[in-house]
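Here this note's numbering is used: position 60 in the sequence shown is 60, and no number is missing along the way.
Ideal Cβ placement from N, Cα and C applies to all residues, glycine included.
Only one structure is covered here, and it is reproduced in the block below.
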Amino acid sequence: MAVLDIKFTKTQRERLHRYVVLAISANLLIGFILFFMGMFVSFVITTKLRFDERSLFGLVFGTLTLYGLYVFAHNLMGVKLCYNYFHYAEGPGMNLRLFSWTLLGLFVVLAGCFMASICFSTADLLADQLRQTLLEGELRSLR
1 MAVLDIKFTK TQRERLHRYV VLAISANLLI GFILFFMGMF VSFVITTKLR FDERSLFGLV
61 FGTLTLYGLY VFAHNLMGVK LCYNYFHYAE GPGMNLRLFS WTLLGLFVVL AGCFMASICF
121 STADLLADQL RQTLLEGELR SLR
């Protein structure tokens, strides 16, 4: 049941399709960047730094990697659904597919909020660890 009944002409549908695919592609790029940023940090930077709480940082960067992969896969599915909806709008179950994709999108947003809170708390711990490491280095250089 729709709230408002909006009718589009063929050219308006094509324009809307282009804008929606562009927005989903931007989100696809964000997921791709998050995935590779998490992989880079996990394998390159974390192994070279000394952390007292290595398991926490590994968990954060691993979760960031999985979140990026989740966003990437979700938006790949969104591009496919948008393409199918534009070309086969009268297909069976298309509205149910779009509704379930939207619900999964809400989980993406919820997971993003969770990731933001974890990253902020980890940034504080990282700053404390960096401060301690710098103080230890200064004390060793003064001896």
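Assigned exposure category for residue i - 16 Cβ within 10 Å defines buried
{"i": "residue 11", "result": "exposed"}
{"i": "residue 33", "result": "exposed"}
{"i": "residue 24", "result": "buried"}
{"i": "residue 61", "result": "buried"}
{"i": "residue 64", "result": "buried"}
{"i": "residue 137", "result": "exposed"}
Residue i and residue j closer than 9 Å at C-beta
{"i": "residue 71", "j": "residue 112", "result": "yes"}
{"i": "residue 74", "j": "residue 38", "result": "no"}
{"i": "residue 35", "j": "residue 122", "result": "no"}
Under the three-state DSSP convention, the category residue i falls into
{"i": "residue 68", "result": "helix"}
Boundaries of the alpha helix (DSSP H) in which residue i is found, first to last residue
{"i": "residue 140", "result": "94-142"}
{"i": "residue 32", "result": "10-40"}
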